[in-house]
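**Student:** This is the structure I have questions about; it appears just below.
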Amino acid sequence: RASSSSDAKKKAMVKSEAELFHFHELAKRRVHVIGRIDDKSAKSACGSLFYLNDVDATTPIVMYLNSGGGSVTAGLAIYDTMRHVAAPVHTVCLGHCESMAAILLAAGEQRYATPNARIMIHQPSHVIERSTTSDVIIKAEKAENTRRRLAKLICDNTGQSEDAVNKAIERNTYMNAEEAKAFGVIDEVIVSQRELKQEQTKSKKVQ
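Residue numbering for the sequence shown follows the numbering used here, starting at 379 and increasing by one per position.
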């Protein structure tokens, strides 16, 4: 019983620490997308964006991303929410942004990455299990439609041509921060939060 009580206290402590971090970051207008993008992380990210937009629809929200990607539908929910809210959403890559996470990174109104960040774009992968020929054809068409949709999002947010994007996503294309800047995934490479704030102020003055 003593062990069970101790475990329960530890779980409660971990949960409270996580909640404390979450509320602390919300107070700073920061949203985190860390780890796999799925329905759970999308719910948290979308909810945070809506909340911060309701609090203040003019001050930018900074979304920090460190993710290898995940569910396309969950990622598109975050993408559409970023566009839906009135508050500008700025994105920062820490660690890595791959697959769907790279598309979210590119979708920011202002986009940044730290010097050692890694960005990767590719076409979505699909597993087509044994089924009837008709079902296989339907799934293949769905996969191709998804590929075209994501390729268009990359084109729209990077300024690259359709041919350039299709060539890049044919295989896993890895980029460091400077290469991602050259491709149009990000606007600037930053080292510190102070530098981030300076870049945000500079962009605001230009606008």
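For every residue, glycine included, the Cβ atom is placed at its ideal position computed from N, Cα and C.
Tell me residue 442's beta-bridge partners as DSSP assigns them.
**Tutor:** DSSP, once it has assigned bridges, lists 410 and 470 as partnering residue 442.
**Student:** If we call anything under 8 Å between Cβ atoms a contact, is residue 536 one with residue 484?
**Tutor:** It is a contact, given that the beta carbons lie within the stated cut-off.
**Student:** Does the distance from the CB of residue 339 to the CB of residue 398 come in under 8 Å?
**Tutor:** As displayed, the chain neither begins before 379 nor continues past 585, which places residue 339 out of reach and without an answer.
**Student:** First and last residue of the alpha helix (DSSP H) that includes residue 459?
**Tutor:** 450-462 is the extent of the alpha helix (DSSP H) around residue 459.
**Student:** To the nearest angstrom, report how far apart residue 380 and residue 394 are at their CA atoms.
**Tutor:** Residue placement at residue 380 is poorly supported in this model, since its pLDDT is 48, which falls under 50; the coordinates still yield a value, given next. So the two alpha carbons sit approximately 21 Å from each other.
**Student:** In this structure, does DSSP put residue 546 in helix, strand or coil?
**Tutor:** Helix at residue 546.
**Student:** With three or more C-beta pairs closer than 8 Å as the rule, is the segment 563-573 touching the segment 510-527?
**Tutor:** The segment 510-527 is not in contact with the segment 563-573.
**Student:** Note down the Cα distance separating residue 556 from residue 476, rounded to an integer number of angstroms.
**Tutor:** Whole-angstrom Cα-Cα distance: 16 Å.
**Student:** Between residue 414 and residue 560, what straight-line distance do the alpha-carbon atoms span, to the nearest angstrom?
**Tutor:** Going by the C-alpha atoms only, they are around 26 Å apart.
**Student:** Examine the ligand NAP and report whether any of its heavy atoms sits within less than 7 Å of the Cβ of residue 435.
**Tutor:** As far as ligands go, the structure on display features none, and thus does not contain the ligand NAP.
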